[in-house]
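Note sheet for the following structure.
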Amino acid sequence: MPGRNLAALIDIDRLLSDEERAIRDTVADFLSDHVRPNIADWYENAVSPKELAPELGKLGLLGMHLEGYGCAGTSAVAYGLACQELEAVDSGLRSFVSVQGSLSMFSIHHYGSEEQKQEWLPQLAAGDAIGAFGLTEADHGSDPAGMSTRAARDGSDWVLNGSKMWITNGSVADVVTVWARTEAGITGFLVPKGTPGFTARDVPRKLSLRASTTSELAFDNVRLPASAQLPEARGLRAPLGCLSEARFGIIFGAMGAARDSLLATLDYADTRVQFDRPIAGFQLTQEKFADMTLEVVKGMLLALHLGRIKDAGELRPEQVSLGKLNNVREAIKIARTCRTILGGAGITLDYSPMRHANNLESVLTYEGTSEVHTLVIGQALTGLSAYR
Amino acid sequence: MRLGMNIVVLVKQVPDTWAERSLKSSDNTLDRESVDAVINEVDEQAIEAGLRLIEAHGGEVTVLSMGPDRASESIRKALSMGATKGFLISDAALHGACVMQTATVIAKALSTMEWDIVLTGGESTDARLAVLPALLAEATGAAQLTQARKVTVEGSTVSVERVNEAGYSVIQASTPAIISVLEGTNEARYPSFKGIMAAKKKPLQTVNLGDLGIAADEVGLAHATTAVTSFENRPPRQAGAAVKDEGDGGVKIADYLASRKLL
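Chains A and B, in that order, are what the protein sequence lines are.
If you want the numbering used here, it's the position in the first sequence, counting the first as 1, plus 4.
If you want the numbering used here, it's the position in the second sequence, counting the first as 1, plus 22.
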């Protein structure tokens, strides 16, 4: 019953169209049949479920908010709701879909040539190919403008040198959108798997996003034809545009992880008896539940509000910062508070909240750290940049 | 030459099988308000069977449901899975209809359409009578192919594998035929996002009893051939019995199962 009670209290369904609800419910049904029963094992054994990609493609999840080339062409709100269901299962799974759709596919869709779109988008949408996005470097995270990866002309070809770090899907990707410094500024390239000089190795010993592949990419004199360049991408603005897309999904996604933590814990508190009664009946527990529910409702409303603005084509990057900062910050607090209610049981993979909390440590940092999003909001309010 | 088949899939909207279900104390009918409504699970497999047949042979799948207006949600889901069009029979006078009335009304609706095959699930998870397919075969004069786990069509011959205690028998008939499928016939597909968006534009016709030429005062709870005279809530679950294994655990479990007539 907690699920029904929470849904009735939040009652956000009345703000959604039939189509939005149908898309959300389809994602939730698929995940509960095929992913949820396995996710704790995948997390424990660090299995990245890339064989799910064709199934996700069949639903239409990959690049779902893009138009044409085999993409479903849904609204931004529908995309956000799908991210919410994905992250309610695991942030690693949502990361996979975010990178495929909002970073890899979006970069090709918005900045690619017609030939690049025809070659890659249909197979990425179907999940027959996997994409990745290389912007961050080991020494250049929040300040990507300082990147050291470089591409130089050699005749009509390009020669790429450098490395990228923390790249989701990196070692499993069939094509990576790589950003490098050239004489003309930051430039994007499509680097297919197996290109001589391009190697990837996975980041070992992760304590977060374990059901997701994270890699380091190395480019050692990688020769690319002129046709590998993304012709419409000019300067750092291009990759930052992609990041804004992926962050948008996180605003919804984080609330999925929070909701799932809350539901798992409501269930537990109902059956866990101490001092001869269920711990759900204690005032301190109820206060935690009430506070967490308030933040879930507020976070979901904020996500939906930003989604409607995005569907109107008017969403500004600083508004995305507002959503990402709030919703990830609150989600990780909720997951941690849920763990306190679960007591000792909460430190195992039998309950989702600590897994969510561990995952959200990454989500708090990637796609713009909380600190940077704070300063973006500060700059939007004051007109003064505190970091540049 | 035939241009594909006309298949009608009968779909029932039922209360979520996994939720706590109850009857209303006012008239002993199903309480539909307090639980989520879903497509009867095995009906989804009938939809899948229908979609596979038209994918192989061409044709159209019409999804037919009788129920309150809300049953249109279930039809819409079937349309998003790929069905061609929907047909909803909805009339307040049908509240509390028994299975005999349901068969009469659906047979009447079927008489207004052209169809080769009617597919439906073997039983609904709410009423669990499993007799509607047979009643419809009787009412329409079509062949009755029930308890099927596999459906194939060649020309105007339909073959099904009917599950029986020994395994299965192969039953064949000429169209028109009424086929009921069992759980496990095939895995129903999920609607794709493109399918969900396309479903909004697919035709869904809603008719009432008057449209079908049926008098409202012949149907409904007051004229039903069956009635729920009383009901009690399920007793609270009893604590389970623990079997202590002292080397004879297997025997004790077997004895217990035998005492419950499960062995």
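Note that beta-carbon positions come from the ideal geometry of N, C-alpha and C, so glycine has one too.
All of these numbers come straight from a predicted model, not from anything done at the bench.
Item to check | Through-space distance from B/P258 to A/V176, alpha-carbon basis | outcome: 52 Å
Item to check | The alpha helix (DSSP H) enclosing A/A50, as first and last residue numbers | outcome: Where A/A50 is concerned, there is no enclosing alpha helix (DSSP H), given that its DSSP letter is neither H nor E.
Checklist entry - Among all the DSSP beta bridges, which residues are the ones paired with B/S87? => result B/L110
Item to check | Amino acids of chain A, ordered along the chain, whose beta-carbon sits closer than 7 Å to that of B/S102 | outcome: A26
Item to check | Cβ neighbour criterion (16 or more within 10 Å) applied to B/M23 | outcome: Residue confidence is low: B/M23 scores 39 on pLDDT, short of 50, so the model does not pin down where it sits. Its coordinate-derived value is still stated next. With fewer than 16 Cβ atoms within 10 Å of its Cβ, B/M23 is classed as exposed.
Item to check | Short-range partners of chain A found in the stretch 189–223 of chain B, where Cβ spacing is below 9 Å | outcome: R211, Y212, P213, S214, F215, K216, G217, I218, M219, A221, K222
Checklist entry - If you drop the 5 nearest sequence neighbours on each side, which residues of the same chain put their C-beta closer than 8 Å to that of A/G239? => result G189, I190
Next on the checklist: What would DSSP say about B/G143, mapped onto helix, strand or coil?
Outcome noted: strand
Item to check | Opposing strand residues paired with A/D206 [DSSP bridges] | outcome: A/S219
Checklist entry - What does A/K62 reach in chain B if we use C-beta pairs closer than 9 Å? => result R211, Y212, S214
Next on the checklist: With distance defined between alpha-carbon atoms, name the residue in A/F110, A/N173, A/Y83, A/S356 nearest to A/D45.
Outcome noted: A/S356
Item to check | Close Cβ partners of A/H144 (< 6 Å) along its chain, the five nearest in sequence each way excluded | outcome: G150, M151
Checklist entry - Do B/T168 and B/S196 have their CB atoms nearer than 8 Å? => result no
Checklist entry - Considering only residues of the stretch 33–104 of chain B, which uninterrupted beta strand (DSSP E) runs meet the minimum length of 3 residues and lie entirely inside it, listed in chain order? => result 35–37, 59–61, 81–88
Next on the checklist: With a threshold of 8 Å between beta-carbons, can B/M23 be considered close to chain A, or not?
Outcome noted: Residue placement at B/M23 cannot be trusted, given a pLDDT of 39 that sits under 50; the coordinates are not used to answer.
Item to check | 8 Å contact criterion, which B/A161 and B/T124 should meet: CB distance rounded | outcome: At roughly 11 Å, the Cβ-Cβ gap does not stay under 8 Å, so B/A161 and B/T124 are not in contact.
Checklist entry - Quick one, are the C-beta atoms of A/Y272 and A/L346 less than 8 Å apart? => result yes
Next on the checklist: Buried or exposed, going by whether 16 or more other CB atoms sit within 10 Å of the CB of A/D264?
Outcome noted: buried
Next on the checklist: Suppose contacts are defined by Cβ-Cβ distances below 8 Å. Is A/V163 in contact with A/V226 by that definition?
Outcome noted: yes
Next on the checklist: For a contact defined as C-beta to C-beta under 8 Å, what are the partners of A/T78 on chain B?
Outcome noted: F215, M219
Checklist entry - Are there three or more Cβ pairs, one per stretch, closer than 8 Å when the stretch 102–113 of chain B is compared with the stretch 65–76 of chain B? => result yes
Next on the checklist: Check whether chain B comes within 8 Å of A/T275, counting only Cβ atoms and requiring the distance to be less than that.
Outcome noted: no
Checklist entry - According to DSSP, what are the bridge partners of A/H144? => result A/E141
Item to check | Assumed close pair B/A152, B/G144 - CB separation to whole angstroms, cut-off 8 Å | outcome: 6 Å
Next on the checklist: Quick check: B/G80 and B/S112, are their CB atoms within less than 8 Å of each other?
Outcome noted: no
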